[in-house]
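Reviewing the structure listed below.
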Amino acid sequence: MSLTGLAIIYIIIWWIVFFAILPIDVNRTKTVKIDGEDPGSPENPKMLKKFLYCTGITTVIFLIIYLLIKFEYLNLRNIIN
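Put into structure tokens, the structure is as follows:
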């Protein structure tokens with residue numbers, strides 16, 4: 014598989030994992046202090062922590078998929094045909 018294909022697979026997995034991790038560890042006990050501010054928005058979304066977790070989880074999943082593709086346990090060309 015080409016480098017571009019591998020990068021696309023990594024990016025797709027990263028976004029799926031990121032959206033799955035996003036609602037975890039969010040405290041929504043916020044009082045509205047500014048008019049127009051959403052009371053359901055988190056006070057501290059901890060985005061850097063979620064970014065790092067997402068990158069680590071994605072790397073593990075990607076390595077598993079890469080090894081399956083490399084050793085032809087998961088051959089995408091045969092699945093398409």
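Going by the numbering used here, the first residue of the sequence shown is number 14, and it counts up by one from there. Where is the CB? At the ideal position from N, CA and C, for every residue including glycine.
- Distances from the alpha-carbon of Ile29 to those of Cys67, Thr17 and Leu16 put Cys67 closest.
- Here Ile34 is near Lys63, since their CB atoms are less than 7 Å apart.
- Rounded to the nearest angstrom, the Cβ distance from Leu87 to Ile78 is 7 Å, consistent with a contact under 8 Å.
- Residue state for Tyr86 is assigned as coil, using DSSP reduced to three classes.
- Taking C-alpha positions only, Gly53 is separated from Val39 by approximately 10 Å.
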